[in-house]
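Note sheet for the following structure.
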Amino acid sequence: MQISRRCVLAMGGVLVGCCSGVVFLELLVKLDPGIGNLVTAAQFAFIALEGFIFTSRLGLAQRKISLRDYALLVAMFFLTSVCNNYVFEFNVSMTLHMIIRGGSLISNMCLGTIILKQTYRMGQYISVIMISVGIFICTYFSSRDLPVHSATEADVWRWLVGVMLLVLALFVSSYMGITQELLYRRHGKCAREALYYTHLLPLPAFLLMHDNISDHWRLACAGEAFALPLLGVSVPLILLYLLGNVLTQHMCISSVYALTTECSSLTVTLIITLRKFISLVFSIVYFRNPFTVYHWLGTVMVFVGTLMFADVLRLPGSRRAQPVKRD
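Numbered continuously in this note's numbering, the sequence shown closes out at residue 426.
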């Protein structure tokens, strides 16, 4: 089957944008672990501004989905975005962050069974067990990597709060996906519109975090400066990393939305899984994050389980699932 040019561009955008965004995020967290709210606010503001110009046509374009229908979707998207970027203040490492978020199939299966009454193959149940065990292994051995000088009972509980926030965001994100799917069934696919409104409508909520965002903005401006070649001016290094994260995150999320409309769900799963694996390996090697043989074991179980769930890898003697034809 020939892959369309737009599908190839979307794949490239996911790999380049998402992987680069993770690199910039880790650079930011290394310099300021509490910068998560500032990063989230900057991402939302930039994507909303771009959407206002090109998607909303300066507010003149007609919406396909009402603002009332977007309300729950927007609330969940805002919660997951804030949680995912804020947990670094709770001593959660970037590697553990990526591994736990790689367990989205678990939450998808649980909520799909309860809400959509979906059924799954035996191989998919086995794959989810593998993912669960893999995440548990990585979580357990990451808790032992807390620095000795700070591994007090209070610090361990703080780390556990960060892990629980990640798990909460995982399930909320899966429920958001189900809500989005149900909206698309009623109104048709409108990925660009959903991308715009899910970033525009939560912007006022960042006023509740005004003090935190302002504090970290001042820290960024007062931090180490970087001299831009040829221009002869110096810019705070954190602000350069922030700009890089915002631009690459926009490329990442736009490409994911485009990929869901241009390629099959199997292709989307493969590309996103490959992206997560590349980001994880790069984070371990380049940033010298602690990663033991147990972490590798857990990581392999997570990614192999993901590929088994997508029917890319199969149990011996099992047949590949036939695609379901939809009207």
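Backbone N, C-alpha and C fix where the C-beta goes; we use that ideal spot for every residue, glycine too.
Keep in mind it's a predicted model, so treat the numbers as computed, not measured.
In the DSSP secondary-structure assignment, Phe325 is bridged to Val334. One thing to note: Ile230 has its Cβ within 8 Å of the Cβ of Gly404.
The beta carbon of Ala304 is closer than 8 Å to those of Phe177 in its chain, skipping five residues each way along the sequence.
Judged by beta-carbon spacing, Asn136 lies within the 8 Å limit of Ile312, meaning their Cβ atoms are closer than that value.
For the options Arg167, Ala147, Asp168, the alpha carbon positioned closest to that of Gly158 is the one of Ala147.
Judged by their CB atoms, Asn344 and Phe123 are nearer to each other than the 8 Å cut-off. Contact between the stretch 224 to 239 and the stretch 398 to 412 is present: 3 or more CB-CB pairs across the two stretches fall below 8 Å. For Met308, no alpha helix (DSSP H) segment is defined, and its DSSP state is neither H nor E. Bounds of the alpha helix (DSSP H) holding Cys118 are 118 to 130.
Excluding five sequence positions before and after Gly112, the CB atoms of its chain that fall closer than 6 Å to its own CB belong to Met350, Ser354, given in chain order. Taken atom to atom, the span from the alpha-carbon of Val186 to that of Met193 is near 10 Å. Between Met208 and the set Val262, Thr251, Ile236, Ile277, the nearest pair of CA atoms involves Ile277. DSSP places Gly201 in no alpha helix (DSSP H); its state is neither H nor E. About 6 Å separates the CB atoms of Thr154 and Glu292; that is less than 8 Å, so the two are in contact. Taking a contact to require three or more Cβ pairs closer than 8 Å, the stretch 269 to 287 and the stretch 199 to 219 qualify as touching. Taking the Cβ atoms as the reference, Ala268 lies roughly 4 Å from Thr179, within the contact range of under 8 Å. Take the alpha-carbon of Lys375 and the one of Thr398: they are about 11 Å apart. Boundaries for Tyr219: no alpha helix (DSSP H) harbours it, and the DSSP string shows neither H nor E there.
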